[in-house]
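Under our numbering, the first residue of the sequence shown is numbered 54, with each subsequent residue one higher. C-beta atoms are modelled at their ideal positions from N, C-alpha and C, and glycine is treated no differently. Working notes, beginning with the structure itself.
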Amino acid sequence: MTDDGPTYDPKTDTYVGRFETEPASLAVIEALATVRHCEPTELEPLYSSVDPDALDRLVASGSEKLRIRVHIDGFDVVVTGSRRIEITPPE
């Protein structure tokens, strides 16, 4: 995840961030922990919602059109092939 983490967009009620070199699975965990103001170890294990290895492989494939949506701890999380993460909190 970039140094400043995901930023909040009040118009869409979504947190948006980008990641560069780390695996998508790690970036999702870091971004979600930032949004929830907790440590990554306090989150539900990622594998409860998505196969972390499969997520990493799909994003690493480089397809710019890729869009993966999963629900983690009540949050709607979208990961794109352009290495973007969108997190929508529960209502």
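Q | For Val69, three-class secondary structure by DSSP | A | Val69: strand per DSSP, three-state reduction.
Q | Candidates Asp129, Leu79, Arg122 and Glu75: closest to Pro105 by CA position | A | Ranking the options by Cα distance to Pro105, first place goes to Leu79.
(Q) Taking a contact to mean a Cβ-Cβ separation below 8 angstroms, would you say Val130 touches Arg120 in this structure? (A) Against a cut-off of 8 angstroms, the Cβ pair of Arg120 and Val130 comes out as no contact.
Q: Quick one: grab the DSSP three-state call for Val103.
A: Of the three classes helix, strand and coil, the one that applies to Val103 here is coil, per DSSP.
(Q) Rounding to the nearest angstrom, what Cα-Cα distance links Pro59 and Glu83 in this structure? (A) Rounded to the nearest whole angstrom, the CA to CA distance from Pro59 to Glu83 is 9 angstroms.
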